[in-house]
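Quick notes on the structure that follows.
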Amino acid sequence: MDRTAYLIMTNNPLVVERLGDTHEVEFLETSYEGLLLAVRDKVHEGHTLLSHPLAGSVKPNETPYRSIMVSCERCDAVDARSLSLIERAIEACRKFEDKTSGYGERALKDFQLIDWTLLESGLDSADA
-18 MDRTAYLIMT NNPLVVERLG DTHEVEFLET SYEGLLLAVR DKVHEGHTLL SHPLAGSVKP
42 NETPYRSIMV SCERCDAVDA RSLSLIERAI EACRKFEDKT SGYGERALKD FQLIDWTLLE
102 SGLDSADA
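Residue 17 in the working numbering sits at position 36 of the sequence shown, and the numbers go up by one each step.
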């Protein structure tokens, strides 16, 4: 897939640092749930999810960072599968207590790296 075919929505500064010059990246200074809500807005605008919003083994609200790939191209109709996935991700996020406020700098860097690694594997597939 061409790099211009997808947009990376993220609240992870490491993703911007590593991909900001080579990929379409939308950085949002927001919480995990805030990012999911922004992605849902994109889905309502006709964009399609290209990566799962709950990828990885870290539970929502245990990590402050998330990066999600969506299509750059908009469809006339809302993609039902994408909408269902993002709505379920938001519900799952709301089930868990937010544990991110007490993390130190080192833990935050670790969570940035975890999110980056998950995104990188998706990029490898998308760019193949």
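The C-beta atom is built at its ideal place from N, Cα and C for all residues, glycine as well.
*Would you mind working out which of ASN(-7), THR98 and HIS28 sits nearest CYS53, comparing C-alpha positions?*
Cα-wise, what sits closest to CYS53 is HIS28.
Might you give, ordered along the chain, the residues of its own chain that have their beta carbon closer than 6 Å to the beta carbon of LEU89, omitting 5 neighbours on each side?
none
Item to check | Within 9 Å, strictly: CB atoms of LEU17 and ILE67 | outcome: Yes.
Exercise for the section: List the residues that DSSP assigns as beta-bridge partners of MET(-10). Expected result: Its beta-bridge partners are GLU7 and ILE49.
Run through the stretch 19 to 87 for me and flag every whole alpha helix (DSSP H) of 4 or more residues, listed as ranges in chain order. Whole alpha helix (DSSP H) segments, 4+ residues: 61 to 76.
- [ ] Compare the C-alpha of GLU86 against each of SER48, GLU72 and THR44 and name the closest.
- [x] THR44
Under a three-way DSSP split, which group does GLY15 fall into? helix
Review point. Buried or exposed: where does CYS74 fall if 16 or more other Cβ atoms within 10 Å of its Cβ makes it buried?
Key: Only buried fits CYS74, as 16 or more other CB atoms lie within 10 angstroms of its CB.
**Message:** At the level of alpha carbons, what is the spacing between LEU(-12) and LEU104?
**Reply:** 11 Å
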